[in-house]
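Numbering (the working numbering), first residue to last: 143 to 202. Each residue gets a CB set at the ideal place from its N, CA and C atoms; glycine is no exception. Note that the coordinates shown come from a computational prediction; the quantities given were computed from them, not determined experimentally.
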Ligand SMILES: [Zn+2]
């Protein structure tokens with residue numbers, strides 16, 4: 143089973159989280175111990191995507 147460390151989308155350093163080939167993450171708050179940022183990411187097929195937080199206006 144292939145396993146890789148998730149890289150921080152901000153500083154590209156290794157985080158403390160690992161993913162496997164079959165790992166699926168949706169809106170996962172990834173903490174980076176290096177730059178102390180929390181990036182919300184999505185992972186599928188070992189591909190990490192940063193989720194941009196979209197500001198929505200509240201519609202009643
Ligand atoms: Zn970082």
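- Just curious, the beta strand (DSSP E) that residue 161 is in, first and last residue? Taking the first residue of the chain shown as 1, we reach residue 161 at position 19. Judged by DSSP secondary structure, residue 161 falls within the beta strand (DSSP E) whose first and last residues are 156-162.
inquiry  = Quick check on residue 193: does DSSP put it in helix, strand or coil?
reply    = One-based indexing of the chain shown puts residue 193 at position 51. DSSP places residue 193 in coil when its eight states are reduced to three.
Just the C-alpha distance for residue 160 and residue 188, rounded to the nearest angstrom, thanks. Mapped onto the chain shown, residue 160 falls at position 18. Mapped onto the chain shown, residue 188 falls at position 46. When the Cα atoms are used, residue 160 and residue 188 turn out to be separated by approximately 10 Å.
Under 6 Å from any heavy atom of ligand 1, does the C-beta of residue 155 make it?
Taking the first residue of the chain shown as position 1, residue 155 is located at position 13. In this structure, the C-beta of residue 155 approaches ligand 1 to less than 6 Å from one of its heavy atoms.
Does at least one heavy atom of ligand 1 sit under 6 Å from the Cβ of residue 193?
Start at 1 with the first residue of the chain shown, and residue 193 comes out as number 51. The answer is no for residue 193.
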